[in-house]
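Engineer: This structure is in C-alpha cells; I'll ask about it shortly.
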Amino acid sequence: MKILVFGATGSQQFNVISEGKKKGAEVIAATSSATSFEKLKQAGAIPILANMSDANTMQEITKGIDAISFMVPVSLPNPFDGLQYAKNVIDAAKTNGVKKIVWNTSGWLAPQKIGIPGEDVKLDISDYLKNSGLNYVIIQPTIYMENMLGPFCAPFVKNEKKLAYPTPEAMPIGWIASRDVSAFVVEAIYNDKLKADSFQISGLENLKGNDLAEQFSKGVGEKIVYYTQPAKEFGDILKPFVGEAGATGVASYYESLQKAIEFPPKFNPNMSEVLEKLPVQMTSLAQWTKNNKAYF
Numbered sequence: 001m002k003i004l005v006f007g008a009t010g011s012q013q014f015n016v017i018s019e020g021k022k023k024g025a026e027v028i029a030a031t032s033s034a035t036s037f038e039k040l041k042q043a044g045a046i047p048i049l050a051n052m053s054d055a056n057t058m059q060e061i062t063k064g065i066d067a068i069s070f071m072v073p074v075s076l077p078n079p080f081d082g083l084q085y086a087k088n089v090i091d092a093a094k095t096n097g098v099k100k101i102v103w104n105t106s107g108w109l110a111p112q113k114i115g116i117p118g119e120d121v122k123l124d125i126s127d128y129l130k131n132s133g134l135n136y137v138i139i140q141p142t143i144y145m146e147n148m149l150g151p152f153c154a155p156f157v158k159n160e161k162k163l164a165y166p167t168p169e170a171m172p173i174g175w176i177a178s179r180d181v182s183a184f185v186v187e188a189i190y191n192d193k194l195k196a197d198s199f200q201i202s203g204l205e206n207l208k209g210n211d212l213a214e215q216f217s218k219g220v221g222e223k224i225v226y227y228t229q230p231a232k233e234f235g236d237i238l239k240p241f242v243g244e245a246g247a248t249g250v251a252s253y254y255e256s257l258q259k260a261i262e263f264p265p266k267f268n269p270n271m272s273e274v275l276e277k278l279p280v281q282m283t284s285l286a287q288w289t290k291n292n293k294a295y296f
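The opening residue of the sequence shown carries number 1 in full-length UniProt numbering; numbering runs sequentially from there.
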C-alpha cells in the first residue's frame with residue numbers, strides 16, 4: 001500500500017506516517033518546504049517537495065499511489081483558495097486511479113454555510129469530493145488536544161496555572177488526540193467496505209471547561225483552573241505563527257462561539273458505532289496530558 005499524505009509536517013496529520021507504517025504501508029509525505037525533509041524521514045516517510053496549489057505537480061506525484069490522506073491548510077491568506085487546493089488533489093487522484101481518498105476536515109462540517117470563509121469552503125470541498133466518483137471517507141474531528149500545546153495555551157499553564165482556551169467554560173467538548181485521528185484516517189484507508197462515508201469523531205469524554213481543567217490537573221499532577229481566553233487575545237498570540245489573515249479567521253470563529261446562546265455540538269455520543277467500523281484505541285484527556293507533561 002502506497003499512501004500519499006498532505007499536511008504531515010503539522011500535528012494534525014503527522015501521525016498518519018507512524019499509523020500507516022504500523023500497517024506496513026509505504027508512506028510518501030508531501031511538503032512545501034525542504035526544511036521538513038529530515039523530520040519526515042525520521043518519522044519513516046519518504047518526503048517529496050510539492051504544493052497543493054500546483055495542479056501539474058499533483059498530477060505527477062499521485063502516479064502509482066493507492067490512497068491519499070489530505071487536509072487543507074487552515075492558515076491560507078485567502079481561505080477560499082482551499083477549494084482549488086482540494087480540487088487539484090482530487091482531480092489528480094481521479095486521473096491516476098487512486099483507490100481511495102481520505103479527507104481530514106480539521107473540524108465538524110457545518111450543516112450549512114455560516115459566513116466564516118474557512119468553514120464555508122469546506123462544504124464546497126465536500127460537494128466536490130462526493131461528486132468526484134472516487135472512493136472517499138471524510139473524517140471530521142472535534143477540537144484537538146494538541147491545541148493545548150500551542151503558544152496561546154501552554155505558557156499560561158506553565159506561568160499562571162491556567163488552562164487558557166477561547167471556548168466558553170459552559171461549552172462541552174469531546175477533545176480528541178491527533179494520534180487517534182490519524183489512526184481513524186489509516187483505518188478508513190484499509191477498510192475496503194468504506195467507499196462513500198463520513199464520520200463525525202470525538203473523544204469519549206464530553207468536558208466543559210472546569211471538567212477539562214480537572215482532567216488536565218490529574219495528568220500534570222497539579223491544580224490547573226480553566227480560563228476562557230478572549231478571542232482577540234487568542235488571535236493576537238496566533239498571528240506570528242499563521243499570519244494575520246489566518247489568525248483573524250480562526251479568532252472570528254471562536255468569537256462567534258463566545259457570543260453564542262446555543263453551542264454547536266462537539267461530541268459524538270455514538271462513538272461506539274464509529275469504533276465498530278474503525279477500531280481505534282482512544283486516548284483520554286488525563287492520559288494525553290500525562291504523556292505531554294513535559295510541555296507544561
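Glycine is no exception: its CB is placed at the ideal position from the N, C-alpha and C atoms.
Taking the straight line between their C-alpha atoms, what separation do you get for residue 235 and residue 266?
Structural biologist: Locating residue 235 in the sequence shown gives position 235, where the first residue counts as 1. Locating residue 266 in the sequence shown gives position 266, where the first residue counts as 1. For residue 235 and residue 266, the distance between alpha carbons rounds to 21 Å.
Engineer: Which residues in the same chain have their Cβ closer than 8 Å to the Cβ of residue 89, if we skip the five residues on either side of it in sequence?
Structural biologist: As a first step, residue 89 is located in the sequence shown; it is residue number 89 there, counting from the start. Taken in chain order, the residues that qualify are 6, 52, 58, 62, 68, 70, 101.
Engineer: Please report the Cβ distance between residue 232 and residue 251, rounded to the nearest whole angstrom; I am assuming they are in contact, meaning their Cβ atoms lie under 8 Å.
Structural biologist: Mapped onto the sequence shown, residue 232 falls at position 232. Mapped onto the sequence shown, residue 251 falls at position 251. Right, their Cβ atoms sit about 7 Å apart.
Engineer: Output the residue ranges of the beta strand (DSSP E) runs that lie fully inside the region 235-287 and measure 3 residues or longer, sorted by chain position.
Structural biologist: None, since the region 235-287 contains no complete beta strand (DSSP E) of that length.
Engineer: Go to residue 228, then tell me how far its beta strand (DSSP E) extends in each direction, as first and last residue.
Structural biologist: One-based indexing of the sequence shown puts residue 228 at position 228. 225-228 is the extent of the beta strand (DSSP E) around residue 228.
Engineer: Could you compute how far the alpha carbon of residue 169 sits from the alpha carbon of residue 56?
Structural biologist: Along the sequence shown, read from residue 1 onward, the residue named residue 169 stands at position 169. Along the sequence shown, read from residue 1 onward, the residue named residue 56 stands at position 56. Their Cα atoms are separated by approximately 47 Å.
Engineer: Per DSSP, residue 69 is paired with what?
Structural biologist: Locating residue 69 in the sequence shown gives position 69, where the first residue counts as 1. Note: residue 69 sits in a beta bridge opposite 5, 102.
Engineer: Kindly indicate which three-state DSSP category residue 122 falls into: helix, strand or coil?
Structural biologist: Here residue 122 refers to the residue found at position 122 when the sequence shown is read from its first residue. Looking at residue 122 - three-state DSSP - the assignment turns out to be helix.
Engineer: Please identify the residue among 114, 136, 240 whose C-alpha is closest to the C-alpha of residue 193.
Structural biologist: Here residue 193 refers to the residue found at position 193 of the sequence shown. Closest by alpha carbon: 136.
Engineer: Would you identify the three-state DSSP class for residue 162, choosing helix, strand or coil?
Structural biologist: As a working mapping, residue 162 is identified with position 162 in the sequence shown. It is a strand residue.
Engineer: Please classify residue 219 as buried or exposed, where buried requires at least 16 other C-beta atoms within 10 Å of its C-beta.
Structural biologist: On the sequence shown, position 219 is the one that residue 219 refers to. The residue is buried, with at least 16 neighbouring Cβ atoms inside 10 Å.
Engineer: Decide if residue 178 is buried, meaning its Cβ has at least 16 other Cβ atoms within 10 Å, or exposed.
Structural biologist: On the sequence shown, residue 178 is found 178 positions in, with the first residue counted as 1. By the 10 Å Cβ count, residue 178 comes out buried.
Engineer: Hey, is the region 277-290 in contact with the region 216-230, meaning 3+ C-beta pairs nearer than 8 Å?
Structural biologist: Yes, the region 277-290 is in contact with the region 216-230.
Engineer: Out of 172, 257, 96, which has the shortest C-alpha to C-alpha gap to residue 205?
Structural biologist: Within the sequence shown, residue 205 is the residue found at index 205, counting from 1. Residue 205 has its Cα closest to that of 172, out of 172, 257, 96.
Engineer: What does the alpha-carbon distance come out to for the pair residue 111 and residue 292?
Structural biologist: Here residue 111 corresponds to residue number 111 of the sequence shown, with the count starting at 1. Here residue 292 corresponds to residue number 292 of the sequence shown, with the count starting at 1. Approximately 34 Å, taken between the alpha carbons.
Engineer: What does the alpha-carbon distance come out to for the pair residue 4 and residue 225?
Structural biologist: Counting from 1 along the sequence shown, the entry for residue 4 is found at position 4. Counting from 1 along the sequence shown, the entry for residue 225 is found at position 225. Those two C-alpha atoms are separated by around 41 Å.
Engineer: Between which two residues does the alpha helix (DSSP H) carrying residue 95 extend?
Structural biologist: Mapped onto the sequence shown, residue 95 falls at position 95. Counting along the chain, the alpha helix (DSSP H) containing residue 95 begins and ends at 81-95.
Engineer: So for residue 211, helix, strand or coil by DSSP?
Structural biologist: Walking along the sequence shown from the start, residue 211 turns up at place 211. The answer is helix: DSSP assigns residue 211 an H, G or I state.
Engineer: Tell me the DSSP secondary structure of residue 26 in three-state form.
Structural biologist: Within the sequence shown, residue 26 is the residue found at index 26, counting from 1. Residue state, collapsed to three classes: strand.
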